[in-house]
Each structure stands twice: as structure tokens, then as C-alpha cells.
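These notes concern the structure reproduced below.
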Amino acid sequence: MELLQVKNVKKVYRSRLGGQQFTALKKVNLEVSAGEFTAIMGPSGSGKTTLLNIIATLDKPTAGDVLLEGQSVKTIKDRELSAFRRKNLGFVFQDFNLLDTFSVKDNILLPLVLSDMEIREMEARLYPLAESLELTHILNKFPYEISGGEKQRTAVARAVITRPKLVLADEPTGSLDSKSAAKLLDIFAELHKNGQTILMVTHSSLAASRASRVVFIRDGQLFSQICRGEESSSEFFERIVSNLTVLSDGGVDIG
Amino acid sequence: MGRSFFFRLAISNIRRNKRLVIPFFIASVIMASIYFMVVALMYTDGIANIPAGKSVSDVFNLGCIIMSLIVAIFMFYINSFLIKNRKKEFGLYGVLGLGKHHVGRVIFWENFLVITGALLLGMLAGTVFGRLIFLLLLFALKTAAAGSIFKLPAEAFSYTSLLFGIIFVLITLYNQFQVRLVNPVDLLKAEQMGEDKVRFAVPATLLGLFLLGLAYWKALTVDSSIAALKEFFLAVIIVIPATAILFTTGSNLLLRILKKNKRFYYRSSNFIAVSGLIYRMKQNALGLASICILSSMVLVTVSGTTALFFGQEDILSKRFPDDIKITADTKITPEQSHKLELLIDTLAREHGITVEDRYTYNYIPYSQDTLILKEGKFSGVDFKSWEEYEEKYRHLEKYMYGVSYITLAEFNRVTGRAESLSAGEIFLVTNEQLKQVPENVKAVIAGTKFTTGKNGTPYRTILIVAADETALKKLYTEFNPTTRDIPSAGMMILNVRGNDEKILVFARTLLNRAREFDFVISAGSIYTDRIEGYGIFGGLLFLGAFFTIIFLTVTVLIIYFKQISEGLDDAGRFSILQKVGMDDLAVKRTINKQIMIVFFLPLFGALVHILFAGKMIVKMLEAFSFYNLPLTVLCIALTVCFFAVIYVFVYRATAKVYYNLVKW
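Protein chains in written order, with numbering that gives the first Met the number 0: chain A, 0 to 254; chain B, 0 to 663.
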């Protein structure tokens, strides 16, 4: 069974007064197996972030369903959604979304504290993770004291410390310089190698080239998808770029 | 760029920032109108015409000076909050290419519009409500003088305009300076978040605790009214920095200690609250400390003035156990007494007053000294300097009595008794409960004319009755060894009945005429003093109410601005927490908890301050001869309750704005 199944998801936004309608997602079907590293690419306004938010249970589909390990998220009560997110999903955002009132350490521990885990267990998880993400020396600093790359690594640590079934990343390299971005992608690749399932929305072909599969989305629909197979990252990168050319044939700017 | 451009920009800025500007504007209107009313009440002919006009006007005169200062300081203070919230906007202008002097001109116009508008509206409100306040004041002063019509004096307009003109200049200069001080990029950048290390947290907190303890200890150990008056100011001076230190460093230290305790800190119920509070307290501590101090001042002022106002009769009856007293600094001879009686009879007939009781007696008065009656022994109070008094006698004040001396003959004559004393024996005439009396006291007599007057009982006095003149003098020199001349005095006591208004006129005329006799040293009556007293205390009460309104306005505004700037920050934090997996109810609960703690901390602090200041307030009121403890306590308690209710009300109102910002 697939880890994540997106079935016929449709999303229509209505303006507050009910007049204007905007269809962000028409009818999207997507499956992600356990251990897969999937990238979703598409031009601005194609609906990729909407799709991610629906998978993340931050937004609700107008029609269709999302299943995680066969469980429909529709059946989860609103009250239990946050606990569901905490247990099953990890998030990495473009603008980091770290809390400025917490130190790096506390930011990482936040989801575990919310689950009322024992402090010894929390720290047992934290230190090896911080070591592997090169965060140990900044654990007691505050978000405003560290660099963008460090902030994003902190966010990654926070996303994976709960050992989630699925890590969702929304433009994780969007706010980073190329060096930090490369480092972050290395970390994603490393996580993937260790069996972590990752779903990443990105603009960057370079970021997408580290994934095992790239799904292209346009105008609220899946357009095409390509799998890496045995290719190297750079060969896969070439293929992504040529695919993007096809995708932008209609004059759409891919950015 | 023409002037109209900046003017239009200023208007659109005000419109866009109405969430910030309107409260500032309202506060300015309130301050302008209150200031206007105080000046109007001070100068209006209506006040001058009422019986206690002079004292009311004096009170308002003093109040006016203090109020000018307070209004200026507070306007400046709230403005600094306002401008802090707008720094980003000014930075944006810089980025868009407006020079700093351009921004300066916009600021000039903005301030001009807001302050002129507030001034005009304030004066209008003052004109409308001034009349009402005037009528209320007359009611409080217990006068319904017919000639008292409220006329707006020109001074009210000119003074208020002058004050707000000065405020306008100050604020505009300050804002210009703020804009010039920083470069656009810095202005645009969000404030640095999170916590810096607070230096010397432990010693600073200890210092704060020490100072607070010192002030509280001083307040609790004060045992005389004079000391209370003297030390209250000192205690206030100590409490202010102590409060500031404890709110800033102390709160930070406490939260850090909580944070250090991992088992406590890393619990879902404490984790977000503790770190959130550290952040909030750091941002707000000084503002909260100032709210706490302002609230304490309001509470002290209002409870003090209400106690004095409602306890007036108490003070009066202590000072005037009988209606009218005329004192001479020598013995009053029968001829002199006759002259006075003649005058009284004539005036009484003229004014239609009945003289109920009248008697004259000669005695040795207590001068500035008092006697200590401790363990059955009288002893004198002898000191050369205030310091010496403090050291030797302060702790003995509860044993001190005002003692005067009278011969048995005079005593028997006035009271109509037929007591007798053998040589060396004395009577003590007093209503006080004396625990232990000297051996030569034949009896303690209570309830004579000397101690139980028509209106009440004097406070802590003893009249010593000795067999004859020689015995009196012997006693006096024994208790006052340093005194060469033995004073002697005469007193005429008068009780009257009749129409209150008529008695007042009668008493006034009598006192004035009596003072013309060369043997009369002083003359006073409960009727004239009552009117004076209502003038002073009623005036103080009104000023107290005005100050309270101003303090509350400032408090509300500070809180409001804080809620707004925090609401915007919190909205961001709220959404992050939700994404990370905290359910929205829990988020609401924890943020709510933090806001409540932060908001009610100043109130709590103020209540604690008042609790410890209680004894000092009581003692200070004693300086006004006010000894009614239950009434004082009641006034303090009612003031505190009333204040707390208003505070909660303000919380609800501003919380609504906050929730709208966070959009729950």
C-alpha cells in the first residue's frame, strides 16, 4: 500500500463575498510510496502549494480525499488534526517559521514537548540529530542570531525529530544562498537515503534533481512526471530542464 | 513638492493609522478637557463667590501646576509609544525617496492636525461638561450659593492653548529627532526579537527586593503622623525604582530559573507560556512598571481624598468639640468676659441665633509640648532638634497626650460639681482609657464639659485638676523643668442653635469682631472651618478624580498600544504553532494566559503596594487630625475595588482589539 494517496482532489477558492471563484486544483491524483523523495514542480500559481497544504491538512479539499497509510484525513476530527500533524508529518517552510521566543534547541524540541515526552527521551533524540545537522554549537542561540542556512537546518531538525512518516517541504531552498541550499539538499538526500519519505515543492530544478521522482503540475493539474532511475543528479537535472521546456511551451514562465 | 502635498500626505497617514491615531487623539481630548476644566474652575467667578471659594481656588491652583506637568509628561510618553509603532512606516518613506526633512514636514502636519483638533474638541467638551462639574462641585462643597453662576474665564482658553502649544512643539521635535536618528534600512527592519542576556540579574533583583523591603518596612514601622508625612515621599522614591527593577530584571530572573528546571519547563503547559512571558516581559516590563506605579498613585490619592472628604465631620468634631471657641493668651477677667458676652448677645439677637451654652474658664494650656504618661508616670518631652525628637521620643508617641492644667475651683465652677482634693492630689479629666495612672491621682473623670462637647471629644487630651494655683504651678514646673514662664490662658466656649446659613454668618462676624479685642489671641468655629474644610477636601477630591481620569487614560493607552504591537507579533507566532502541531484551542489558552498575566501584573503590584502603604495612609491622615480608622479602611477598600473593576473593564475592551488583530 502507498504511504500517501491523493485521490481526485479539487480545490475551489471563493472570494469572501461569494462572487469570484478560483479553481486552484482541478482533479489531482498522486501517490507516494514509503521511502520516496518526490519533488513537485510547477510555475507560480499552478497550485503546488495548495496541494501541499491540503496534504499537510492545513487546508481542506473541496472534493476528493487524502489518505495517509490508508487512513482518510477527512475522518479525523478538527480537534485531533493538530495531534495528527504532530505525529505523522514534519514541515519545512521557505521562511523557516521558527519561533523567535525560543532558542534553537527549544524550537527543535517544540513538537516533542507538545506531545509531553520525557525530557531525557527528548534529549536522547536531539543530540545525535543536532550533531548530524551541524547544529550542536548553536543549540542555545536564538533564531535572530543565526544564518539562514542554520535556520533552515533547525527547521529540518524540528521536522524530523518526531520521526514523521512524511516530511513536507515548501520551497525549502527558496530563501537560501546557493551554498546553504546545496548543503540543505545534501541533508535531504541523506534523510532520503536513511529511508525518510519526503515531499518537496520547489521552483528550483537543481533542488528537484536530488529527488527520486519529479511531478510537474500546471494550471491545477498534474502535467507529467519523471523518475530518476539509475541516473546521476546532473543527468536527472538535464531531463528536468528539458521537461520544463515542454511544460512552458504554452508560454508559461517557470522561474 | 508644495506644502499641500505634505498636508495631504499627513491627512492620509492619519486616516491609514487610525487604529493608532484615534486612541491618541481621544486621550489628548480627555487631557485637554480636564486641564481646561481645572483652569476654568480655578478662575471662574462662580467659585470666588461661594463661601469656601478662596480655599477651593487655592487647591485648584496647586492642582493646576501639577496637572500641567503631568499632562505634558504623559502626552509625551504616549506619543513615544505611538511613534515606536510607526517607525517602520517612516523607514518606508526613506526607501521610497522622501528625505528626512520631508518626513519631518509630514510629521509636523500630522501633529498639528491631531493636537489642534484635540485642543479644540477638548475645549468644547470642557465648556459643555465644565458646567456640570461646577454644579457637582457645589454639591460636594455643600453650598448652594445663589450667586454662583459658572462663567467661562478667558484664562481657561489661553492656558489650555498654551500648554498644548508647548506639547505640540515638544512632541514634534521629539518625533523629528526619532526619524533623523535612524537610517531607513534600520527603520524597515523588524525589531530584534528574542532575549538578550540581562546583565547582573541576580544582584539587580536582590537590590530591587532590598529596596522594596526597605520601603515596605518603613511604611509598616511608621508610628507617627509627622514621620509618615516625612517618610511617605521617601518611600515613594524608593518604591519606584524597586518596582521598575523587579518588573524588568526580577521577572526575567524568575522566569529563567523556571526555565532552568527542565522537568518544569519542558511540559506542554509551561513550555510556551514561560518563553513567551520572558519575551513579553522584556518588551513590556518598563511600561508595566509605570502602569503599576501610576495605579498605586491613583489608589493612594483617591482613597486619601475620599477618606478626608467623607471623614470631614470626624476631623471637625475633634478640633471643635464645641461650636465656637475664643481663646485669650492671658486669664480672661470678668470684665473681658462680660464684653464678649455682650457682643455675643447682640450678634445672636441680630442673626436670630439661640445661645445654648456659654462658659469661660482660665487654665494653663499645653504649649507645643505634650506629656508622656507611661507606666503610671508623667514625664515631659524635651528636645532641641527634630533628630533628637526622632531618636528619643518617636517610639513613645502612643503614650503622648496633650495636657493642660486647671484649678479645682475653675473645674467645679464650670462643671457645677463639688469635688474636693487634698494637697498633692489631682484629678485627671479625660475620655481616654488610661491603663495606669500616677499614685497621686484621686480619680479619672470622664464625660465632663471639658472632654465631652456638643460635637465630640478632643483627641488624646488630659486635663489635670489640682487643688489650687500654687499646686498647678508646681506641677507644671515639675513636668516642664526648662520652662521659665508659666503660660496662662482663658477660653470661652459657645454652643449655638439655629438656621445653618444664619449661624455661619453669625460665627463669621463674631470671630472677626472677637479678634479685634486685644486679649483674644484666636477664635474659631466648627461652622466656618467646616465650610473651609469642604472647600479644601472637596477641591482635593475633585482634583483626585481628575488625576484618576488622566492616569487611567494613560494606562489604557499604554495597554492598548502594547496589545496592538503584540497582536501583530502574536498572529505570526500563532500560525507557526498551529503548523507545528499545537491545536488552536491550546494556542489560544496559552496566549490568553500570558496576556492575562502581563496585563494584571501591574494591578497586582499596585494592590500589594497599597496593602503595605495602608498604615502610612492612615498615619498621614492623622496629620489632618483624621483618626477614623474604619472609614479610612473602607475608603481604601472601596477605591481598590472600584479601580479593579475599571481595570478589568479596560482589559476586556482592549482584548477585543487584540483578538481582532490575531483573528480568532
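The beta carbon of each residue, even a glycine, is placed where N, CA and C say it ideally should be. Remember, predicted model here, so these are calculated numbers, not experimental data.
Which bits of chain B does residue i rub up against, with CB to CB less than 7 Å?
i         : result
A/Ile-118 : Lys-261, Arg-262 and Tyr-265
A/Asp-105 : Ser-274
A/Met-121 : Tyr-265
A/Arg-78  : Asp-582
A/Leu-256 : Outside the shown range of chain A, which is 0 to 254, sits residue 256 of chain A, and nothing can be said about it.
Name the residue from the options whose alpha carbon lies nearest to the alpha carbon of residue i.
i         : options                                       : result
A/Ser-43  : A/Phe-215, A/Glu-229, A/Ser-232 and A/Val-245 : A/Phe-215
B/Met-491 : B/Glu-468, B/Ile-461, B/Ser-524 and B/Phe-505 : B/Ser-524
A/Met-40  : A/Thr-201, A/Ser-231, A/Ser-211 and A/Leu-24  : A/Thr-201
B/Ile-314 : B/Ala-155, B/Ala-622 and B/Lys-655            : B/Ala-622
B/Asp-381 : B/Thr-653, B/Lys-473, B/Met-296 and B/Glu-477 : B/Glu-477
B/Leu-610 : B/Cys-634, B/Lys-587 and B/Met-595            : B/Cys-634
B/Asn-591 : B/Tyr-42, B/Ala-570 and B/Ala-124             : B/Ala-570
B/Lys-472 : B/Tyr-404, B/Val-495 and B/Gly-455            : B/Tyr-404
B/Ile-520 : B/Lys-17, B/Gly-303 and B/Thr-326             : B/Thr-326
A/Tyr-143 : A/Ala-210, A/Lys-178, A/Asp-94 and A/Ser-179  : A/Asp-94
B/Val-617 : B/Leu-427, B/Ser-294 and B/Leu-630            : B/Leu-630
B/Ser-295 : B/Ile-33, B/Phe-546 and B/Gly-116             : B/Phe-546
B/Leu-628 : B/Phe-319, B/Leu-427, B/Glu-531 and B/Phe-309 : B/Phe-309
B/Thr-589 : B/Ala-272, B/Ser-157 and B/Lys-229            : B/Ala-272
A/Arg-162 : A/Pro-171, A/Lys-10 and A/Gly-89              : A/Gly-89
B/Tyr-362 : B/Ile-65, B/Gly-379, B/Phe-35 and B/Val-402   : B/Val-402
Would you mind giving the Cβ-Cβ distance between residue i and residue j, rounded to the nearest angstrom? I have them listed as a contact below 8 Å.
i         : j         : result
A/Asn-106 : A/Arg-157 : 6 Å
B/Met-74  : B/Ile-170 : 7 Å
B/Ile-77  : B/Phe-23  : 6 Å
B/Ala-226 : B/Arg-483 : With a Cβ gap of about 30 Å, B/Ala-226 and B/Arg-483 do not count as contacting.
A/Ala-33  : A/Leu-2   : 4 Å
Taking C-beta pairs closer than 7 Å, name the residues in chain A that residue i reaches, listed in chain order.
i         : result
B/Gln-577 : Ser-81
B/Met-581 : Ser-81 and Leu-113
Quick one: Cα of residue i to Cα of residue j, how far?
i         : j         : result
B/Phe-246 : B/Asn-283 : 9 Å
A/Val-240 : B/Gly-249 : 59 Å
A/Phe-101 : A/Ala-154 : 12 Å
B/Leu-462 : B/Thr-353 : 29 Å
B/Ile-132 : A/Asp-58  : 58 Å
B/Lys-655 : B/Phe-599 : 16 Å
B/Tyr-533 : B/Leu-509 : 21 Å
B/Ile-13  : B/Trp-108 : 10 Å
A/Asp-169 : B/Val-579 : 14 Å
B/Thr-329 : B/Ala-513 : 15 Å
A/Glu-130 : A/Glu-68  : 31 Å
B/Asp-291 : A/Glu-120 : The sequence shown places Cys at residue 291 of chain B, rather than the Asp named in the question. Rounded to whole angstroms, B/Cys-291 to A/Glu-120 spans 43 Å at the Cα level.
B/Val-555 : B/Val-649 : 7 Å
A/Leu-134 : B/Leu-8   : 48 Å
B/Asn-16  : B/Ile-596 : 28 Å
B/Glu-500 : B/Leu-342 : 20 Å
A/Ser-179 : A/Arg-209 : 15 Å
B/Val-178 : B/Gly-103 : 8 Å
B/Leu-293 : B/Phe-550 : 6 Å
B/Leu-307 : B/Thr-43  : 25 Å
B/Arg-318 : B/Glu-355 : 20 Å
B/Ile-557 : A/Ile-197 : 48 Å
B/Met-581 : A/Ala-82  : 7 Å
B/Phe-449 : B/Val-428 : 8 Å
A/Val-11  : B/Asn-260 : 49 Å
Quick one: list the residues of chain A neighbouring residue i, beta-carbon separation under 9 Å, in chain order.
i         : result
B/Tyr-270 : Checking the sequence shown, residue 270 of chain B turns out to be Phe, not Tyr. Under the 9 Å cutoff, chain A gives Phe-101, Asp-105, Leu-108, Leu-109, Val-112 and Leu-113.
B/Arg-572 : Leu-98, Asp-99 and Thr-100
The ligand NAP heavy atoms versus the CB of residue i: any closer than 7 Å?
i         : result
A/Phe-141 : Among the components modelled here there is no ligand, and therefore nothing to report on the ligand NAP.
Name the chain A residues whose beta carbon is nearer than 8 Å to that of residue i?
i         : result
B/Tyr-278 : Asp-99 and Thr-100
Using a Cβ cut-off of 8 Å, pull out every chain B residue sitting near residue i, in sequence order please.
i         : result
A/Leu-29  : The contacting residues do not exist; A/Leu-29 stays about 21 Å from chain B at best.
A/Arg-124 : Chain B residues near A/Arg-124: none, gap ~13 Å exceeds 8 Å.
Exercise. Which whole runs of the beta strand (DSSP E) in the stretch 481 to 542 of chain B are 3 residues long or more, in chain order?
Worked result: 488 to 496 and 519 to 524
Exercise. If you scan the stretch 10 to 81 of chain A from start to end, which runs of the alpha helix (DSSP H) of 4 or more residues do you find wholly inside it?
Worked result: 47 to 54
Exercise. Enumerated in chain order, which unbroken segments of the beta strand (DSSP E) with a length of 3 residues or greater are wholly contained in the stretch 344 to 376 of chain B?
Worked result: 353 to 362 and 370 to 373
Problem set entry | Length at least 4, wholly inside the stretch 17 to 105 of chain B: the alpha helix (DSSP H) runs in chain order | Fully enclosed alpha helix (DSSP H) runs of 4 or longer: 17 to 42, 44 to 48 and 52 to 95.
Problem set entry | Inside the stretch 403 to 430 of chain B only - beta strand (DSSP E) runs reaching at least 3 residues | You should have 425 to 428.
Problem set entry | Unbroken stretches of the beta strand (DSSP E), 3 residues or longer, contained in the stretch 152 to 240 of chain A | 165 to 169, 196 to 201, 212 to 217 and 220 to 226
For this session: Please specify which runs of the beta strand (DSSP E), each continuous and at least 3 residues long, are wholly inside the stretch 566 to 624 of chain B, giving them in chain order.
Result: none
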